[in-house]
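These notes concern the structure reproduced below.
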Amino acid sequence: MYILGLTTLGDSAAAIIKDGQLIAAVEEERFSRKKHHSGFPYRAIEFCLDFAGITLKDVEHVGHYWKPWILRHKAMQAAKAALMSPAMFKARADRGVAQVSDSYLGMFKHPKRLRERFGASDFKFHYIEHHQSHAASAFFVSPFDSAAVLTWDGTGEDTTTLFCQGKGNKLEVLKRIKLPHSLGQFYSAVTNYIGFDMFSGDEWKVMGLAAYGEPKYYDYFREKVLTTNGTGNFKFNIRVLDHHLAKHYQFPEAIVKELGPGRKKGEELTEHHWNIASSAQKALEDTAIYLVGKIHEMTGEENLCMAGGVAFNSVMNGRIFHETPFKRFFVQPAAGDAGCSVGSAYYVWNQILGKPRDFEMEHAYWGPGFSNEQCRAALTEAGLKFETIVDEELLPRVAKMIADGAVIGWFNGRMELGPRALGARSFVADPRRADMREVLNHKVKLREWFRPLAPSMQEEHHQEVFGVEHYDPFMITVLAVADDYREKIPAVVHVDGTARPQTVNAKTNPRYWNLIEEFRKLTGVPMLLNTSFNVQEPIVCTPQDAIATFGKANFDAIVLENNLVLRADN
Ligand SMILES: [Fe+2]
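Note that the sequence shown covers residues 1358 to 1927 in this note's numbering.
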């Protein structure tokens, strides 16, 4: 039985499962080359069907990550609120009404769209609540028979935070927190206050900057903006900081008095902004830890699954993993909305059809892959000189180039699902070189100096590097590097002595593990610096994308499967 799962607005994506096994999953942005692609994921669906070797008529069920009718109700409420309090709610209502008239009502047409494009089929179409899709995307592919499941994001239809308990093939909803109380929207509002673009990935920047600041405004945030009161809820006070108003720099007087005017785009970033970021980050972390404590009390579970955009906050995750009573954690690599495509498919398979669970997501490599022949054809067409080399020679040679200071575009196997490059489409470099962060951020990736870079390390070496047991194949936690190890790998240690590692397993990504092994043999350091293979666009998908990036960015070589392309030769 084939089930297709769909995410159809921001970060749209498709996934396909066969008899409960994930076969393929991919974000539409990787094909359209538009970051966070919003709109029906035609090409992602096409890839999933092709990869499975089927057509739409073979698909029995389609899971969709959103129930559009709940939002209709919400927009009516927003319109009512606008009438009552025009100044405060106008922006919110405008947005709500626009959304309903365009994209959300359009969701009712998705079954028709599918058949129009991919042919007649009598699949059953299931609209699934957004947060339950998130919860399914975490729990049903986790290694746990039972777990507490916490999902948090900007918002679903009207829920922003969902507490569930998963047992076997069922998820039970325990509690929900609704708009306007949203951790995601709080963080987006702060992103805006500091003059970055919210909802477009700039939220990462706030977390990056936070490491440089002091939480000087923490008390203010916790008393006036993001509060908790012992009932297991939190409140986000949109009268003080509403991301809809923030968009237009119309920040309420109260917060301007406390934090100064919001930074406008292009204005200088100062220590003051680092301090705001640091304060907001700490407020988020402490609120999150409070909620995690509550769900632990409610469920008594030892295992915690998390999903939703907030679950990408790797600094928060680090504290949750090490400071709360839960013993084991699972966050899959597409914890944001793209992963709801996987979640919707599994929600149908397990929750609706009642099938037993028989799948664990051990890696992120669910996208397109390309053969050596395909890579060579692309290189020949681009007129690039290259050598084809077997791994026994290629990997030591590439490791030596890295140790000598080269930045390599590493293209290997099937592309990652989710926003992190995990050794399938990665830039790799030497973590021992302090200047590598500057080289990568400034010269290669053309982005801000403060963006952190992370290591991919052989999972066997976690004790040596961190001094504690730590497994994280999906790079979603930040933790402290052992004191005596920090100076060995300055390019991947943040200013506060932490790092966000990917632990690489020899079984799930043997070729990447072997490359790191060659580097370890040369240098004694069991890791590489790893950052996503892209320059100001989505992560590269095809050999053609990799070659185009090679043409416009300054790095030394690409490894396209077994084909080595040197800048010096071209
Ligand atoms: Fe979401």
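Glycine included, each C-beta is placed from N, C-alpha and C at the ideal position.
Your pair K1375 and A1409 checks out as a contact, with CB atoms roughly 6 Å apart and the cut at 8 Å.
Distances from the alpha-carbon of Y1704 to those of A1493, P1425 and V1419 put A1493 closest. When only Cα atoms are considered, F1768 and L1872 end up about 12 Å apart.
The alpha-carbon separation between F1480 and K1414 amounts to approximately 7 Å.
Residues of the same chain with a CB within less than 7 Å of the CB of K1845, apart from the 5 flanking positions on each side, are R1789 and V1882 in chain order. Ligand 1 never approaches G1775 closely enough for any of its heavy atoms to be under 7 Å from the residue's Cβ. The three-state reading of DSSP puts I1595 in coil, since its state is none of H, G, I, E or B. CA-to-CA, the gap between G1766 and F1890 works out to about 6 Å. Not one heavy atom of ligand 1 falls within 7 Å of the beta-carbon of D1515.
Ordered along the chain, residues surrounding ligand 1 are H1487, H1491, D1510, G1511, G1513, G1665, G1666, G1693, D1694 and C1697 [Cβ under 7 Å from any heavy atom]. For the pair W1423 and T1906, the Cα-to-Cα distance works out to about 35 Å.
Scanning G1770, A1568, L1616 and L1648 for the CA closest to the CA of F1683 turns up L1648.
Separation of the CB atoms of D1787 and I1759 is rounded to 5 Å, and the pair is thereby assigned contact status at 8 Å. When the Cα atoms are used, W1631 and E1571 turn out to be separated by approximately 7 Å. In this model, Q1893 and A1910 are separated by some 10 Å (Cα to Cα).
Beta-bridge partners of P1812 (DSSP): L1886.
With respect to the 8 Å criterion, L1886 and A1848 are classified as neighbours on the basis of their beta carbons. DSSP, read as helix, strand or coil, puts M1564 in helix. For I1360, same chain residues with a beta-carbon under 6 Å away, outside a window of 5 residues either side, are I1374, H1418, A1702, V1705 and W1706 in chain order.
Straight-line measurement puts the Cα of I1677 at about 15 Å from the Cα of E1658. About 38 Å separates the beta carbons of A1763 and A1637, which is beyond the 8 Å limit, so they are not a contact pair.
Between G1552 and L1779, the alpha-carbon positions lie close to 30 Å from each other. The Cβ atoms of M1655 and F1520 sit closer than 8 Å to each other. Annotated three-state conformation of S1503 is strand, per DSSP. With respect to the 8 Å criterion, A1640 and F1578 are classified as neighbours on the basis of their beta carbons. Look at G1541 here: in three-state DSSP terms it is helix.
Counting C-beta pairs with one atom in each stretch, the segment 1507-1514 and the segment 1475-1491 have three or more that are closer than 8 Å, which means they touch.
Closest option to A1721, judged by alpha-carbon separation, among L1751, G1377 and A1381: A1381. Linking P1398 to W1426 through their CA atoms gives a straight-line distance of about 21 Å. Taking the C-beta atoms as reference points, I1904 is found no nearer than 8 Å to L1710. Straight across, the Cα-Cα distance linking V1498 with G1420 is about 16 Å. Within its own chain, the residues whose Cβ lies closer than 6 Å to the Cβ of P1468, once the five positions on either side in sequence are excluded, are F1482, listed in chain order.
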